[in-house]
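Asks: Below is a structure I'd like to ask you about.
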Amino acid sequence: MRIGVDYYPEHWEKERWKTDAELMAKANIKVVRIGEFAWSLYQPEENRFCFEWMDEILDFFRDHQISVVLCTPSATPPKWMTDKYPDIFQDDIHGNPKIFGTRKHYCFNSKTYHAFTRELVTKIAERYGRHPAVEAWQIDNELGWANTTRCYCEKCRAEFQQWLKKKYGTIEELNRRYGTVFWSQIYNSFEEVIIPRAGACYDTCHDTQGQNPALLLDYYRFSSDSVIRFAKESAEIIRRYSDRPVTSNLLDAAVNSGTGIDYFKLSEQLDFVSWDNYIEFQWGIAQAATVSRDHALLRSYKKQPFWVMEQQSGPCGWSKMGPAPTPGKLRLWTYQAVANGADTVVYFRWRACPFGTEQYWHGILDHDGKPNRRYEEIAQVGSEMERLNRVFGTLKPQAKIAIVKSFDSEWSHSIHKHVENFQYDSFLLDFYRPFYQMGLSVDFVTPHDDISSYALVLAPALLIVTEEEKENLERYVRGGGTLLLTFRSGIRDEDNNMRKETVPGAFSELAGVRVKEYDPQFQKETGSSGVFGKAQSKLWCDVVEPVSAETLGVYTQDYYSGESCLTVNAFGKGTVYYLGCDLDGDAMNRLMKYLCTRHGLSPVTYPIEGVEQVEAQDGEHTALFVMNHNPYPAVVPLDRIYENALTNDEEKDTVTLKPYDVAVLIWKKSF
Ligand code: GAL
58 MRIGVDYYPE HWEKERWKTD AELMAKANIK VVRIGEFAWS LYQPEENRFC
108 FEWMDEILDF FRDHQISVVL CTPSATPPKW MTDKYPDIFQ DDIHGNPKIF
158 GTRKHYCFNS KTYHAFTREL VTKIAERYGR HPAVEAWQID NELGWANTTR
208 CYCEKCRAEF QQWLKKKYGT IEELNRRYGT VFWSQIYNSF EEVIIPRAGA
258 CYDTCHDTQG QNPALLLDYY RFSSDSVIRF AKESAEIIRR YSDRPVTSNL
308 LDAAVNSGTG IDYFKLSEQL DFVSWDNYIE FQWGIAQAAT VSRDHALLRS
358 YKKQPFWVME QQSGPCGWSK MGPAPTPGKL RLWTYQAVAN GADTVVYFRW
408 RACPFGTEQY WHGILDHDGK PNRRYEEIAQ VGSEMERLNR VFGTLKPQAK
458 IAIVKSFDSE WSHSIHKHVE NFQYDSFLLD FYRPFYQMGL SVDFVTPHDD
508 ISSYALVLAP ALLIVTEEEK ENLERYVRGG GTLLLTFRSG IRDEDNNMRK
558 ETVPGAFSEL AGVRVKEYDP QFQKETGSSG VFGKAQSKLW CDVVEPVSAE
608 TLGVYTQDYY SGESCLTVNA FGKGTVYYLG CDLDGDAMNR LMKYLCTRHG
658 LSPVTYPIEG VEQVEAQDGE HTALFVMNHN PYPAVVPLDR IYENALTNDE
708 EKDTVTLKPY DVAVLIWKKS F
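Have a look at this one:
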């Protein structure tokens with residue numbers, strides 16, 4: 058557990074570096090991330106490279122015992138390159154090229170851009186691969202940020218056609234699987250295949266574009282693969298010259314729905330994963346449960362500890378700002394990351410920049426560079442981490458519950474989203490939230506992962522499922538596992554076409570039900586009642602007919618009043634629940650509690666609204682992190698005697714937390 062900062066030494070006079078390093082050392086800041094946007098300094102002209110500036114920076118940090126995450130600067134191609142080689146630009150969905158001036162405007166399939174990136178990454182890795190200050194590498198910056206995964210240029214089209222040829226072999230096979238007989242779309246060769254730019258119907262139905270759904274899904278897969286191939290190329294070059302681990306900074310799930318990279322697959326190319334965590338900023342305010350869910354995702358992509366590579370440290374925005382983090386929040390957000398499995402938290406940024414786009418994006422220090430309230434708070438975190446490191450090894454929450462996340466399903470849901478307000482990621486969050494409130498950690502898994510160690514697996518709206526994935530879930534249940542499926546599961550095939558079996562398609566036998574009909578909740582809602590108490594559905598109602606299953610809930614309204622909405626089925630040694638409708642928050646809480654009780658999962662004894670409780674283990678100790686996200690004090694009852702790792706006090710009966718305060722408690726003994 059340690060902290061770091063994102064630092065831009067090239068933005069400041071050299072004479073200032075020493076002061077910065079001293080202030081960092083005083084705050085126990087151990088690591089800096091540098092260089093992710095510095096291409097024009099490395100290569101001011103096509104055939105001119107400069108490294109002396111970076112030599113000086115790295116030697117400086119070596120001398121000050123601060124380690125460095127060194128980045129590849131491919132997020133910002135320099136001006137001379139865009140002028141001379143305009144083929145490096147992306148085209149947007151209307152086919153218009155992007156322009157120079159911000160960042161991330163390059164195409165992941167531009168051979169020119171690949172060549173320039175390879176050349177520079179090779180030189181950087183060769184020169185610094187074994188530099189004593191360098192402890193890790195970051196590839197690019199936020200791959201796919203700002204809708205840049207999917208490019209619609211002719212270079213991408215040519216590459217896509219190759220990708221399709223490899224996948225389908227013959228054009229007849231592609232025609233068959235795409236159903237191009239619909240609307241006269243039959244192709245005579247791969248060279249004819251289009252990329253799904255905004256088509257003639259875009260203005261009326263731009264959420265789906267009106268393009269062929271099989272083509273769209275393939276294009277999304279291809280685009281994700283293109284980004285991953287780009288990252289892999291840089292990672293492989295680095296590994297030729299350096300034995301230090303490679304990462305890239307990912308984005309949170311809400312943004313990532315638009316980013317369109319399969320993070321499970323991208324993570325295979327990285328040695329560890331990291332992400333950027335902004336909570337209260339120009340573009341919104343994240344709920345504590347949402348942030349916890351994002352940490353859980355990051356913990357899950359590689360099933361190992363992760364970093365926060367950019368953690369908010371001041372008021373943030375470009376043209377306008379979000380609020381100043383209230384005293385205590387920077388510390389609280391850091392503990393939230395650590396409790397949920399982060400081992401390093403790097404604050405963005407060290408000091409607010411007086412020039413450029415991000416003048417309002419504050420760091421720890423304001424523009425004046427003087428220690429302030431936020432600096433003091435982070436220095437407190439730094440010294441507490443030192444203290445905790447003397448007690449704990451690497452702490453990790455031990456989740457017994459998993460939620461299945463499928464990027465194929467996510468993209469398919471985004472192509473045809475069933476009803477106006479359905480959003481896959483927020484639907485998954487609806488299932489995560491009750492466990493968050495009960496203090497039970499949840500991992501995310503793919504449908505093909507080995508899930509045998511989990512007591513409960515939820516696969517909400519698992520729309521697309523392959524034969525192998527279906528067998529994987531069946532194997533899990535047959536062996537004694539407990540699985541929850543919901544409406545809109547198992548009903549599409551790998552080509553993003555609707556299955557012809559009765560709903561829930563691939564899962565009918567497993568769930569022991571057939572869905573007689575369904576009622577999308579368009580400008581209406583429907584009541585139900587069952588083991589979850591009373592509920593309202595605002596998205597969807599499957600009218601479920603139990604075949605081998607039994608009913609646990611029924612509708613109480615509309616023409617299907619009295620029909621089943623929730624069932625349970627015995628399958629092999631295990632149990633399958635089928636939830637045919639969405640539930641409001643309270644009913645969802647009650648249903649998840651019901652599942653916990655039935656399947657041996659013990660929530661924290663005293664869940665309290667707004668207080669996050671996470672249990673983490675290091676192999677020797679169990680720590681209970683208690684985090685008060687409320688703007689008022691919290692008195693949290695305890696069910697055993699603990700030692701407070703931050704104060705060494707014994708805590709029994711209760712622990713009292715100030716607003717946004719945190720306690721880290723070590724299990725001692727039961728009462
Ligand atoms: C992140 C990005 C940083 C910085 C920050 C503030 O998304 O990685 O480079 O731009 O946002 O806008």
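Numbering (this note's numbering) for the sequence shown: 58 to 728.
Beta carbons are placed, not taken as given, at the ideal position from N, Cα and C, and that holds for glycine.
1. Measure the alpha-carbon distance for Phe-165 versus Ile-145 and round it to whole angstroms.
2. Are the stretch 315–333 and the stretch 199–215 touching by the rule of at least three beta carbon pairs closer than 8 Å?
3. Indicate the three-state DSSP secondary structure (helix, strand or coil) for Trp-194 in the structure shown.
4. Any contact of the stretch 416–430 with the stretch 443–462, i.e. 3+ C-beta pairs under 8 Å?
5. Does Val-284 come out as helix, strand or coil in the three-state DSSP assignment?
6. Below 9 Å between beta carbons: does that hold for Leu-354 and Tyr-320?
7. Among Ile-181, Tyr-358, Lys-168, whose alpha-carbon lies nearest the alpha-carbon of Phe-287?
8. According to DSSP, is Ser-585 helix, strand or coil?
9. Just to confirm, does Asp-333 get its C-beta within under 8 Å of one of the non-hydrogen atoms of ligand 1?
10. Buried or exposed, going by whether 16 or more other CB atoms sit within 10 Å of the CB of Gly-172?
11. Determine, using beta-carbon pairs with one atom in the stretch 410–418 and one in the stretch 373–387, whether at least three such pairs fall under 8 Å.
12. Whole angstroms are fine: how far does the CA of Tyr-65 sit from the CA of Val-683?
13. For Cys-373, verify whether its CB is less than 8 Å away from any heavy atom of ligand 1.
14. Quick check: the stretch 374–393 against the stretch 327–340, are at least 3 beta-carbon pairs closer than 8 Å?
15. Can you have a look at Tyr-689 and say buried or exposed, based on whether 16 or more other CB atoms are within 10 angstroms of its CB?
16. Tell me, which residues are paired with Asn-306 by DSSP?
17. Just tell me which of Lys-595, His-68, Ala-456 has its CA closest to the CA of Phe-479.
18. Could you check if Tyr-170 is buried or exposed, using at least 16 other CB atoms within 10 Å of its CB as the buried criterion?
19. Spatial neighbours of Pro-716 within its chain, please: C-beta separation below 7 Å, excluding the five flanking residues on both sides.
20. Taking 6 Å as the limit between beta carbons, can you name the residues of its chain near Pro-411, skipping five residues before and five after?
21. For Gly-619, I'd like the list of residues in its chain whose CB is within less than 6 Å of its CB, leaving aside the five on either flank, ordered along the chain.
22. Tell me which residue opens and which closes the alpha helix (DSSP H) that Arg-490 is part of.
23. Just reading off the alpha helix (DSSP H) that Cys-262 is part of, what are its end residues?
24. The alpha helix (DSSP H) spanning Thr-391 covers which residue range?
25. Let's see if you can read the secondary structure: which residues bound the alpha helix (DSSP H) around Asp-77?
26. Are the Cβ atoms of Arg-549 and Gly-538 separated by less than 9 Å?
27. Helix, strand or coil for Lys-377 per DSSP?
28. Which residues mark the beginning and the end of the alpha helix (DSSP H) in which Thr-347 is found?
29. Let me check understanding here. Comparing Cα to Cα, which of Gly-158, Ile-251, Glu-672, Ile-60 lies closest to Gln-494?
30. If I'm right that Ile-60 touches Ile-91 with Cβ under 8 Å, what's the distance once you round it to whole angstroms?
Replies: If we stick to the structure as given:
1. Taking the first residue of the sequence shown as 1, we reach residue 165 at position 108. Taking the first residue of the sequence shown as 1, we reach residue 145 at position 88. If you take the alpha carbons of Phe-165 and Ile-145, they lie about 8 Å apart.
2. yes
3. Residue 194 sits at position 137 when you count from the first residue of the sequence shown. Of the three classes helix, strand and coil, the one that applies to Trp-194 here is strand, per DSSP.
4. No: the two stretches stay apart, fewer than three of their Cβ pairs being nearer than 8 Å.
5. On the sequence shown, position 227 is the one that residue 284 refers to. Correct three-state label for Val-284: helix.
6. To locate residue 354, count along the sequence shown from 1; it is residue 297. To locate residue 320, count along the sequence shown from 1; it is residue 263. Cβ distance < 9 Å, so Leu-354 and Tyr-320 count as in contact.
7. For this step, residue 287 is matched to residue 230 along the sequence shown. Per the Cα distances, Lys-168.
8. Taking the first residue of the sequence shown as position 1, residue 585 is located at position 528. In the structure shown, Ser-585 sits in a strand (DSSP, three-state: E or B).
9. By one-based count along the sequence shown, residue 333 stands at place 276. In this structure, the C-beta of Asp-333 approaches ligand 1 to less than 8 Å from one of its heavy atoms.
10. For the purposes of this step, residue 172 is taken as the residue at position 115 of the sequence shown. First, the residue type needs correcting, since residue 172 is Ala and not Gly in the sequence shown. Its Cβ having fewer than 16 others within 10 Å, Ala-172 is exposed.
11. Short answer: they touch.
12. Position 626 of the sequence shown, counting from 1, holds the residue named residue 683. Position 8 of the sequence shown, counting from 1, holds the residue named residue 65. C-alpha separation (whole angstroms): 34 Å.
13. For the purposes of this step, residue 373 is taken as the residue at position 316 of the sequence shown. Yes.
14. Short answer: they touch.
15. Within the sequence shown, residue 689 is the residue found at index 632, counting from 1. Label assigned to Tyr-689: exposed.
16. What you label residue 306 is simply residue 249 of the sequence shown in a count that begins at 1. Answer is Ser-331.
17. The count along the sequence shown starts at 1 and reaches residue 479 at position 422. Taking only the C-alpha atoms, the option nearest Phe-479 is Lys-595.
18. Within the sequence shown, residue 170 is the residue found at index 113, counting from 1. By the neighbour-count rule (16 or more Cβ atoms within 10 Å), Tyr-170 is buried.
19. To locate residue 716, count along the sequence shown from 1; it is residue 659. So the qualifying residues of the chain are Gly-385, Asn-685, Asn-687, Pro-688, Tyr-689, Pro-690.
20. For the purposes of this step, residue 411 is taken as the residue at position 354 of the sequence shown. Here the set comprises His-424.
21. On the sequence shown, position 562 is the one that residue 619 refers to. Closer than 6 Å at the Cβ level, and outside the excluded window around Gly-619, lie Val-611.
22. Numbered from its first residue, the sequence shown carries residue 490 at position 433. Residues 481–495.
23. As a position in the sequence shown, residue 262 is number 205, starting the count at 1. From DSSP, the alpha helix (DSSP H) with Cys-262 extends over 259–262.
24. As a working note, residue 391 is residue 334 in the sequence shown. Run containing Thr-391: 386–396, per the alpha helix (DSSP H) assignment.
25. Here residue 77 corresponds to residue number 20 of the sequence shown, with the count starting at 1. Unbroken alpha helix (DSSP H) run through Asp-77: 71–83.
26. Here residue 549 corresponds to residue number 492 of the sequence shown, with the count starting at 1. Here residue 538 corresponds to residue number 481 of the sequence shown, with the count starting at 1. Not closer than 9 Å, so no.
27. Against the sequence shown, residue 377 aligns to sequence position 320. It is coil, neither helix nor strand.
28. Locating residue 347 in the sequence shown gives position 290, where the first residue counts as 1. First-last of the alpha helix (DSSP H) with Thr-347: 345–358.
29. In the sequence shown, the residue the question calls residue 494 occupies position 437. Considering only alpha carbons, the answer is Glu-672.
30. Taking the first residue of the sequence shown as 1, we reach residue 60 at position 3. Taking the first residue of the sequence shown as 1, we reach residue 91 at position 34. About 16 Å separates the two Cβ atoms, so there is no contact after all.
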